[in-house]
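**Q** Chains as they are written, first to last, in the numbering used here: chain A, 2 to 151; chain B, 2 to 151. The C-beta atom is built at its ideal place from N, Cα and C for all residues, glycine as well. For reference, the structure I am asking about is given below.
2 protein chains.
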Amino acid sequence: MAKNDHSYDILKLDNQVCFPLYACSKELVRQYTPYLKELNLTYTQYIVMMVLWERETVSSRELAECLHLDYGTLTPVLKRLDQAGYLTRERAENDERQLTLTLTETGRELKDKAKAIPEAIAKCMGLTMEEFGVLYTLTYKALKNMEEKQ
Amino acid sequence: MAKNDHSYDILKLDNQVCFPLYACSKELVRQYTPYLKELNLTYTQYIVMMVLWERETVSSRELAECLHLDYGTLTPVLKRLDQAGYLTRERAENDERQLTLTLTETGRELKDKAKAIPEAIAKCMGLTMEEFGVLYTLTYKALKNMEEKQ
DNA sequence: GCTAATACAATTGTGCGCAAGTAAATTGTG
DNA sequence: CACAATTTACTTGCGCACAATTGTATTAGC
């Protein structure tokens, strides 16, 4: 193969968009960790709590959908949050299949402690307000396009 | 608490930049999966192979650094790639601590099969060339800023 | 040259993350 | 009504991902 064969350049790590996205996502979770440790939460548990802080109660199915998580992941996460006393898990009255999650008082108290986190993380990332907006738009656009494919 | 208290809005899932980034990253890995399955690779194994396809040989330490992975993750991944016959693991001559990874012929053969993947994934994401460029720049910028914090 | 400090890698433990398979409740169809 | 299809959730198995700990080789300080 000739030295100036560039047909494999698309396989170079530096030419991938997916890699920095993947690495950035992991690094973000790592940055959250020390803050969340004070709340006794992991990142995944945190995003579950965010939904509950906003809605007080939600079905397991809706949660799985809006967080893009499947039950294999969600079930043990919800059990741990239940065990920690941050939420309750009950079957829906009208449909025994459905699981209804409800925020507890202990869970609600975390909300105040969590208030400072988003700004701290934003500072870590060091992007301008405009850049944050662009990043938000592009990731949501890609996400939407990809979920349409399946 | 008054209904028009917006001080918690920063905790709404829809107002987070981190969440779509996290969800998008996971969705991306999911999109790769069927393509990589044909090469008998996971996404993490794939990015290891990308480095080897470009460099033929690399030390474990360099790999960990450029992929932003620690040894707890990397060690078992490398063992599996070794077992699959895609690379060899040898101690460096001059320093018994260091692990040197070398691409095998079998590993090199995968490169051709992998060639079509980046374009297929790009199509899934459905962004324009310009948008890909912006996404690349912003994620690398955030990544660089965050790793400076630690 | 001996010991302390450092660097590199492996191991252990915990928690995602998802595919595949299973089970139970509900809904749809004849 | 009976029974097939669907929905919802759980379980199992495997592979990351990382913090914390341990082990070994090299280098630095004296």
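#1: Compile a chain-ordered list of the residues in the region 57-84 of chain B whose CB is closer than 8 Å to at least one CB of chain A.
#2: Please list, in chain order, the chain A residues whose beta carbon lies closer than 9 Å to that of A143(B).
#3: Report yes if the CB atom of W54(B) is closer than 9 Å to the CB atom of L111(B), and no otherwise.
#4: Just how far apart, CA to CA, sit I118(B) and S61(A)?
#5: Flag this pair as yes or no: are the beta carbons of T74(B) and D83(B) separated by less than 9 Å?
#6: Using a beta-carbon distance below 9 Å, is Q46(B) in contact with chain A?
#7: With a threshold of 9 Å between beta carbons, is K112(B) in contact with chain A?
#8: By the criterion of Cβ-Cβ separation under 7 Å, what are the contact partners of T140(A) in chain B?
#9: Which residues bound the beta strand (DSSP E) around E110(B)?
#10: Just the C-alpha distance for Y87(B) and K116(B), rounded to the nearest angstrom, thanks.
#11: Using 9 Å as the limit for Cβ to Cβ distance, is K38(A) near chain B?
#12: Thinking C-beta only, is F133(A) closer than 9 Å to I48(B)?
#13: If I follow the unbroken alpha helix (DSSP H) through T138(A), where does it start and stop?
#14: Comparing the C-beta of N41(B) with each C-beta of chain A, is any distance below 9 Å?
#15: For T89(A), which beta-bridge partners are listed by DSSP?
#16: Quick one: what does DSSP say T34(A) is sitting in, helix, strand or coil?
#17: Which one of A121(B), E148(B) and Y23(B) has the shortest CA to CA distance from P35(B)?
#18: Using CA atoms only, rank isn't needed, just tell me which of A85(B), T101(B), K38(B) and Y9(B) is closest to L64(B).
#19: Of the residues A85(A), C25(A), V78(A) and L79(A), which one's Cα is nearest the Cα of L40(A)?
#20: Quick one: is Y33(A) buried, meaning 16 or more other Cβ sit within 10 Å of its Cβ, or exposed?
#21: How is S61(A) classed by DSSP in three states: helix, strand or coil?
#22: Within 10 Å of its beta-carbon, does S26(B) have 16 or more other beta-carbons around it, so buried, or fewer, so exposed?
#23: What residues in its chain sit with their C-beta under 8 Å from that of Y72(A), if we drop five residues either side in the sequence?
#24: Between L42(B) and M50(B), which are expected to be in contact by the criterion C-beta below 8 Å, what is the C-beta distance as a whole number of angstroms?
#25: Under a three-way DSSP split, which group does S8(B) fall into?
**A** Reading from the atomic positions:
#1: C67, L68 and H69
#2: P21, C25, E28, L29, C125, M126, G127, L128, E132 and L136
#3: yes
#4: 35 Å
#5: no
#6: no
#7: yes
#8: P21, L22 and C25
#9: Note, E110(B): premise wrong, no beta strand (DSSP E); alpha helix (DSSP H) at E106 to A115.
#10: 17 Å
#11: no
#12: no
#13: M130 to E149
#14: no
#15: T103(A)
#16: helix
#17: A121(B)
#18: T101(B)
#19: A85(A)
#20: buried
#21: helix
#22: buried
#23: S61 and A65
#24: 7 Å
#25: coil
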